[in-house]
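Participant: Remember, the working numbering sits 63 above the position in the sequence shown when you count from 1.
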Amino acid sequence: MLQTAGQHDCGGAWRWGTANASARVIVAACIVAAAAAAGCKSSDTLRRVGDAYNRGDYKVAYRDGTRLARHGKPGQRREAAYLAGLAAYRLKHFKSAQRLLTTVAGGDEPQIAGGALVTLGLIYSESGRHAAAVKAFVRGARKLSGEDSALAYFHASTAAARQQRWTEQRTYLNLARSASRDSKLRRQIDQQLAAARR
64 MLQTAGQHDC GGAWRWGTAN ASARVIVAAC IVAAAAAAGC KSSDTLRRVG
114 DAYNRGDYKV AYRDGTRLAR HGKPGQRREA AYLAGLAAYR LKHFKSAQRL
164 LTTVAGGDEP QIAGGALVTL GLIYSESGRH AAAVKAFVRG ARKLSGEDSA
214 LAYFHASTAA ARQQRWTEQR TYLNLARSAS RDSKLRRQID QQLAAARR
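#1: To test your reading of the DSSP string, which unbroken alpha helix (DSSP H) runs of 4 or more residues are found completely within the stretch 207-232?
#2: Specify the secondary structure class of Gly-170 as computed by DSSP and reduced to three states.
#3: Between which two residues does the alpha helix (DSSP H) carrying Arg-130 extend?
#4: Taking the alpha-carbon positions, what's the Leu-256 to Gly-169 distance?
#5: Take Ser-105 and list the residues in its own chain whose beta-carbon comes closer than 6 Å to its own, dropping the five residues that flank it on each side.
#6: Taking the alpha carbon of Arg-205 as the point to measure from, which residue in Ala-196, Tyr-216, Arg-118 has its own alpha carbon closest?
#7: Enumerate in chain order the residues of its own chain whose CB-to-CB distance from Asp-171 is below 8 Å, with the five nearest sequence positions on each side excluded.
#8: What does the alpha-carbon distance come out to for the pair Ser-246 and Arg-260?
#9: Since Leu-164 and Gly-184 are thought to touch, with beta carbons under 8 Å apart, how far apart are those beta carbons, to the nearest angstrom?
#10: By the DSSP assignment, the alpha helix (DSSP H) with Gly-138 in it spans what residues?
#11: If the criterion is Cβ atoms closer than 8 Å, does the pair Ala-143 and Leu-131 meet it?
#12: Would you kindly report the start and end of the unbroken alpha helix (DSSP H) that includes Asp-245?
#13: Can the beta-carbon of Gln-232 be found less than 8 Å from the beta-carbon of Ala-223?
#14: Once DSSP output is grouped into helix, strand and coil, what is the label at Ser-106?
#15: If we count the other Cβ atoms within 10 Å of its Cβ and call it buried at 16 or more, is His-193 buried or exposed?
#16: Which value, in whole angstroms, describes the spacing of the CA atoms of Asp-127 and Val-112?
#17: Three-state secondary structure (DSSP) at Gly-159?
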């Protein structure tokens, strides 16, 4: 089940489903708008990469995004690397995804850096590196806001629980609850908090 992120100021960025521990990531118009605002002359190329990702053509998004990340204008390389990294993640090319997303995780754009960190957390979780996943999820949550931050903290709680770090799990569940306004997510958090107290 794919979800859009219509709450964002410029039409959305990325989001993952809460029903499934392996998050689903969607990209929307923020990246293209950011590229256009930065004066990128070939924002059409970046727009095509984003369009390919949004329609599920991850091979094209990965190929063209990687090329643009290497050879594009400086103002569009970071966004292209982010899109290519997300596409690589969806294609299960985890090493490539990690390489690309690491390049943008420390950037100035909180939505892109936060999204990159959360996706890195997913990669670490899926490979059993739960301590690294917790760190990435928490760093991502701190860069994000609202439901995106709440979901990142929720994933951090899951990764902490997999390490039997129960105090941390409760801390991240409480942070997720305080950041969320989504009644379904809050109910799920409340259930896990109740189970953690037993």
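Cβ atoms here follow ideal geometry from the backbone N, Cα and C, with glycine treated the same way. All values reported here derive from a predicted model rather than from experimental measurement.
Facilitator: Checking against the coordinates, here is how it stands:
#1: Within the stretch 207-232, the runs of alpha helix (DSSP H) that reach at least 4 residues and sit entirely inside it are, in chain order, 209-225.
#2: For the purposes of this step, residue 170 is taken as the residue at position 107 of the sequence shown. Gly-170 falls in the coil class under three-state DSSP.
#3: Taking the first residue of the sequence shown as 1, we reach residue 130 at position 67. Note, Arg-130: alpha helix (DSSP H), 121-134.
#4: Here residue 256 refers to the residue found at position 193 when the sequence shown is read from its first residue. Here residue 169 refers to the residue found at position 106 when the sequence shown is read from its first residue. Separation of Leu-256 and Gly-169 (C-alpha to C-alpha, rounded to the nearest whole angstrom) is 32 Å.
#5: The residue labelled residue 105 in the question sits at position 42 within the sequence shown. With a pLDDT of only 49 at Ser-105, under 50, the local geometry of the prediction cannot be trusted, and no value is derived from it.
#6: Reading the sequence shown from its first residue, position 142 is the one you call residue 205. With respect to the C-alpha of Arg-205, the residue from Ala-196, Tyr-216, Arg-118 having the closest C-alpha is Tyr-216.
#7: Locating residue 171 in the sequence shown gives position 108, where the first residue counts as 1. For Asp-171, same chain residues with a beta-carbon under 8 Å away, outside a window of 5 residues either side, do not exist.
#8: Residue numbering aside, residue 246 sits at position 183 when the sequence shown is read from its first letter. Residue numbering aside, residue 260 sits at position 197 when the sequence shown is read from its first letter. One C-alpha to the other measures close to 21 Å.
#9: The sequence position of residue 164 within the sequence shown is 101, counting from 1. The sequence position of residue 184 within the sequence shown is 121, counting from 1. Taking the Cβ atoms as the reference, Leu-164 lies roughly 10 Å from Gly-184, outside the contact range of under 8 Å.
#10: Translated into positions along the sequence shown, residue 138 becomes position 75. For Gly-138, the enclosing alpha helix (DSSP H) stretches over residues 137-153.
#11: Start at 1 with the first residue of the sequence shown, and residue 143 comes out as number 80. Start at 1 with the first residue of the sequence shown, and residue 131 comes out as number 68. With a cutoff of 8 Å on beta-carbon distance, Ala-143 and Leu-131 are scored as near each other.
#12: Here the question's residue 245 lines up with position 182 in the sequence shown. Here Asp-245 belongs to no alpha helix (DSSP H), and DSSP marks it neither H nor E.
#13: Residue 232 sits at position 169 when you count from the first residue of the sequence shown. Residue 223 sits at position 160 when you count from the first residue of the sequence shown. Closer than 8 Å, so yes.
#14: The residue labelled residue 106 in the question sits at position 43 within the sequence shown. When DSSP states are grouped into helix, strand and coil, Ser-106 belongs to the helix group.
#15: Counted from its first residue, the sequence shown places residue 193 at position 130. His-193 is classed as buried because its beta carbon has at least 16 other beta carbons within 10 Å across all chains shown.
#16: Residue mapping note: residue 127 aligns to position 64 of the sequence shown, counting from 1. Residue mapping note: residue 112 aligns to position 49 of the sequence shown, counting from 1. Asp-127 and Val-112 have their C-alpha atoms roughly 6 Å apart.
#17: Reading the sequence shown from its first residue, position 96 is the one you call residue 159. First, the residue type needs correcting, since residue 159 is Ser and not Gly in the sequence shown. Under the three-state reduction of DSSP, Ser-159 is assigned to helix.
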